[in-house]
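Participant:
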Amino acid sequence: MITVPPNHASAEADGIDASARCPLGLLTAFALLWLVVGGALALLSLLQLHSPGLLADCAWLTYGRLQAVQETVFIYGWAINAGLAAALWLLVRLGGDGLRGANYVILGGVFWNLALVLGLVGIAAGYTTSHPMLQIPRYVQPLMLVAYAAMAVPGVLAWTGRRTVQTYATQWYAVAALFLLPWFFSATQVMLTFLPMRGTLQMVVATWYAQNLISLWLAPVALASAYYLVPKITGRVLPGYDFAIYGFWALLAFGTWMGGRHLIGGPVPAWIATVGIVSSILVLFHHIILFVNLRGVFRPDGSTVLIFVAIGILAYLLSGMVDAIFATHVLAMVTQFTYFQQAQQQLTLGAFSMILFGVLYYMVPRLAGATWPSVALIRAHFLSVLIGFVLLVTSLGMAGWVQGRDLNNAAVTFATIASHTRPWLQLAVVAQALMLLGNLLLAVHCCWLLCARFAPAALSRTAAREVVVS
Amino acid sequence: MKTGPFFFFGMFFVLAFSWAGLVMGPQAQLGKLAPYYDDAEGKAFPERVPGIAAHGQLVYQDLGCAACHTQQVRRPDQGGDKARGWGERQSVARDYVHQSVPQLGVIRIGPDLADYGTRAAKNGLSEAALLADLYNGKNGMPAYRFLFERRKIIGEPSTKALQGGVPAGYALVPTARAEALAAYLLSLKQTYEFVEARPYEPAAEQKGVH
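Chains as they are written, first to last, in the working numbering: chain A, 1 to 470; chain B, 471 to 680.
Here's what the structure looks like:
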């Protein structure tokens with residue numbers, strides 16, 4: 001499973017990695033911290049569904065607020081920090097020069113996470129915007145935009161200063177993510193926060209934003225990583241690579257229209273939902289090309305990194321299909337407003353996280369100039385997040401299906417619905433706990449790696465059992 | 471791909487296109503939506519809610535009530551919304567024109583509240599009973615004890631005080647936030663029959679109607 005020939009980066013790549021060590025190490029550290037914090041909060045909020053009395057007397061941790069806090073921590077804490085670290089690293093490596101503008105990343109990273117803390121305190125104190133996936137209070141939104149722009153600067157520099165004119169799929173996806181988030185984030189801030197649109201139009205904008213965050217940020221960053229790692233590790237040319245460009249534009253062009261499917265039957269123009277359903281089917285063109293290009297990942301040849309990426313790609317393809325199938329009217333009438341939609345969201349976010357774990361296992365040792373100290377910890381992390389991920393999506397999906405069917409039958413009371421969903425939600429608690437445990441192991445492992453690298457005494461103890469992960 | 475400017479222009483355009491379509495399109499359609507003035511009744515619908523209810527909406531938003539409750543009723547033929555008594559008709563955009571941040575919600579762990587005020591009036595649910603539910607929690611809804619405070623009774627006890635729960639000489643009184651929240655919930659009404667909200671009648675129900 002482990003110990004693949006080191007595939008040693010050239011001296012040049014070492015230089016590139018060394019230039020990125022400090023800023024990207026910082027972002028990774030923030031990301032891992034938020035991942036663990038977010039997991040703990042998610043677990044707590046799931047437990048509150050079982051026993052509503054849990055922490056109910058504490059206004060700051062009441063279910064509605066805790067739910068918003070944990071969602072924000074996951075997206076703006078884990079996903080954006082880790083995703084930016086990966087995207088910048090990929091762009092810098094493919095650009096061929098060292099990371100330029102490292103101070104921008106450090107400054108931006110510090111302010112982004114500071115703003116996030118302020119935002120989370122704000123949500124817990126009741127200043128949420130109450131828009132799904134954009135719960136951060138209005139007073140930190142501009143700061144986050146500026147901090148993000150600062151962090152993205154080195155990515156732009158790496159693109160404009162690249163040594164080869166020809167670009168690669170990884171670069172398109174990574175640059176698209178870096179470039180498009182400020183576009184839709186700023187537009188959304190204006191239309192939702194500072195000059196809010198009227199009435200239900202806010203829901204339309206919020207849905208557009210949330211879908212863009214998934215289709216134009218999380219997915220591109222994850223796919224940029226996959227397009228880099230798969231040929232790099234397998235050493236094989238990507239089949240059908242000529243089509244990759246069409247897959248890229250298909251994601252951008254159709255993905256951004258998909259959000260409307262959530263608004264089916266809502267107090268908004270009906271065509272929005274129709275366009276959303278059609279787009280979520282059209283976007284499958286992108287998924288097909290992705291599968292053609294990256295199918296080599298399903299023969300990982302014992303590479304741990306590729307196994308993570310393979311699970312992530314599989315989940316991503318599956319989420320594309322599930323989104324398309326369950327957008328249809330008949331099924332949406334059951335799954336709308338239920339845990340099923342949370343399951344769909346977890347499937348997408350989990351796909352992102354799995355691929356990002358793969359990148360971290362590849363990137364962190366190269367950035368730090370050290371190797372992972374323990375194979376067992378990597379295996380334990382893999383198993384617990386994989387089992388947790390599958391369990392969580394299945395249990396939430398089943399809970400949602402049961403809940404949706406019960407909701408549509410007016411004879412079933414809410415107490416009965418709760419008793420029907422309880423076993424599945426209990427399973428979800430187990431799943432969330434497993435993932436938290438796994439992610440805690442990852443964080444501990446990273447600390448261990450750093451100690452082994454920068455504390456000589458520890459280094460000598462672990463030198464005997466070093467392993468190379470590729 | 472070699473053409474950098476084309477690449478950036480393409481990305482910019484793709485997003486601008488979806489922004490124009492998905493955001494500005496509905497804005498053009500609904501951005502100027504006004505209340506409907508009914509000559510027969512001599513007033514405009516939806517009616518404006520009193521200030522305390524508008525304040526209550528902020529409390530609803532700040533507590534994240536939308537994490538469990540929606541406020542949007544689907545058409546009678548879609549799902550069990552009408553059968554559950556959540557509303558006689560579907561919610562339409564005009565219902566929300568006076569709301570600063572409509573709380574449409576995305577999940578129904580609890581019932582839909584779009585027409586809660588009407589329902590409460592029909593079932594004879596008083597404000598006091600609603601406040602008691604908020605204090606005690608109900609059907610899996612957590613208790614919101616922090617919206618209430620224990621006060622020593624000096625002179626006459628508050629008329630809003632809940633019964634029991636505190637030792638003699640004290641009263642359990644809803645805070646201003648609790649009262650605003652209750653006023654807001656009881657103000658939620660979607661009863662006026664806007665033209666666009668005429669229930670879509672499935673073919674089966676139209677039989678025999680001439």
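By construction, the Cβ of each residue, glycine as well, lies at the ideal position given by its N, Cα and C atoms.
#1: Excluding the five sequence neighbours on either side, which residues of its own chain have a C-beta within less than 8 Å of the C-beta of A/P239, listed in chain order?
#2: Of all the options A/F194, A/P196 and A/M144, which has the alpha carbon lying nearest to the alpha carbon of A/L181?
#3: Can you tell me which of the three DSSP states A/T167 falls into?
#4: Counting C-beta neighbours from all protein chains within 10 Å, is the total for A/T413 16 or more, i.e. buried, or is it exposed?
#5: Of all the residues that make up the stretch 216 to 229 of chain A, which are near chain B by a beta-carbon distance shorter than 8 Å?
#6: Expressed to the nearest angstrom, what Euclidean distance is found between the alpha-carbon atoms of A/A452 and A/R366?
#7: Let me check you understand the geometry: is the CB of B/E649 closer than 7 Å to at least one non-hydrogen atom of the ligand GDP?
#8: Tell me which same chain residues have a C-beta within less than 6 Å of the C-beta of A/G350, skipping the five on either side of it?
#9: So, is A/V283 buried or exposed, given that buried needs 16 or more other C-beta atoms within 10 angstroms?
#10: Could you please give the first and the last residue of the uninterrupted beta strand (DSSP E) stretch that includes A/L238?
#11: Assign A/V268 to one of three DSSP states: helix, strand, or coil.
#12: At 7 Å on the CB atoms, spell out the chain A contacts of B/D565, in chain order.
#13: Are the C-beta of B/R518 and some C-beta of chain A separated by less than 8 Å?
#14: Per DSSP, which one or two residues make a beta bridge with B/L642?
#15: Can you give the beta carbon distance from A/Q432 to A/L392, rounded, assuming they're within the 8 Å contact cut?
#16: Taking the beta carbon of A/L32 as the centre, do at least 16 other beta carbons fall within 10 Å, making it buried, or is it exposed?
#17: Span of the beta strand (DSSP E) holding B/K513?
#18: Quick check: the Cα distance between A/G404 and A/Q67, rounded to an integer number of angstroms?
#19: Can you name, in chain order, every residue of its own chain whose Cβ lies under 6 Å from the Cβ of A/A9, other than the five neighbours on each side?
#20: When the Cα of A/A152 is compared with those of A/T371, A/L90, A/H287 and A/P196, which residue comes out closest?
#21: Any C-beta of chain B within less than 7 Å: which residues of the stretch 383 to 417 of chain A qualify?
#22: State the beta-bridge partners of B/D508 as determined by DSSP.
#23: By Cβ distance, which residues of its chain are closer than 7 Å to A/W78, with the 5 residues on each side in sequence left out?
#24: Check B/K608 in the structure and name its three-state DSSP category.
#25: To the nearest angstrom, how far is the alpha carbon of A/F298 from that of A/V309?
#26: Spatial neighbours of A/A463 within its chain, please: CB distance less than 7 Å, with the 5 preceding and 5 following residues excluded, ordered by chain position.
#27: Report yes if the C-beta distance between A/H445 and A/S384 is below 8 Å; otherwise report no.
#28: From B/V643, B/E626, B/I522 and B/G625, pick the residue whose C-alpha is nearest to that of B/Q633; which is it?
#29: Count the other CB atoms, across all protein chains shown, that sit within 10 Å of the CB of B/I681; report buried if there are 16 or more and exposed otherwise.
#30: Nearest-angstrom Cα distance between A/A324 and A/R261?
#31: Since A/G358 is in the alpha helix (DSSP H), which residue starts that stretch and which ends it?
#32: Would you call B/F618 buried or exposed, if buried means 16 or more other Cβ atoms sit within 10 Å of its Cβ?
#33: Thinking C-beta only, is A/G199 closer than 8 Å to B/Y530?
#34: Relative to the C-alpha of A/I136, which candidate in A/L178, A/A206, A/P300 and A/L229 has its C-alpha closest?
#35: Entirely within the stretch 193 to 266 of chain A and at least 4 residues each: give me those alpha helix (DSSP H) ranges in chain order.
#36: I need the straight-line Cα distance from A/G83 to A/N103, nearest angstrom please.
Facilitator: In brief:
#1: V292, N293, R295 and G296
#2: A/M144
#3: coil
#4: exposed
#5: L216
#6: 14 Å
#7: Questions concerning the ligand GDP fall outside what the structure shown contains, since it holds no ligand whatsoever.
#8: A315 and F389
#9: buried
#10: Neither: A/L238 is in no beta strand (DSSP E) and is coded neither H nor E.
#11: coil
#12: P267
#13: no
#14: B/R620 and B/L632
#15: 6 Å
#16: buried
#17: K513 to F515
#18: 21 Å
#19: Residue placement at A/A9 cannot be trusted, given a pLDDT of 45 that sits under 50; the coordinates are not used to answer.
#20: A/L90
#21: L407, N408, N409, A410, F414 and A415
#22: B/K513
#23: A31, W34, L35 and G38
#24: strand
#25: 9 Å
#26: Only weak support is given to the placement of A/A463: the predicted model assigns it a pLDDT of 48, under 50, and the value that follows is read from those uncertain coordinates. Cβ within range, chain order: n/a, list empty.
#27: no
#28: B/V643
#29: Since the displayed chain B opens at 471 and closes at 680, residue 681 of chain B lies outside it and no answer follows.
#30: 9 Å
#31: Y339 to A368
#32: buried
#33: no
#34: A/A206
#35: 201 to 213, 219 to 234 and 244 to 255
#36: 18 Å
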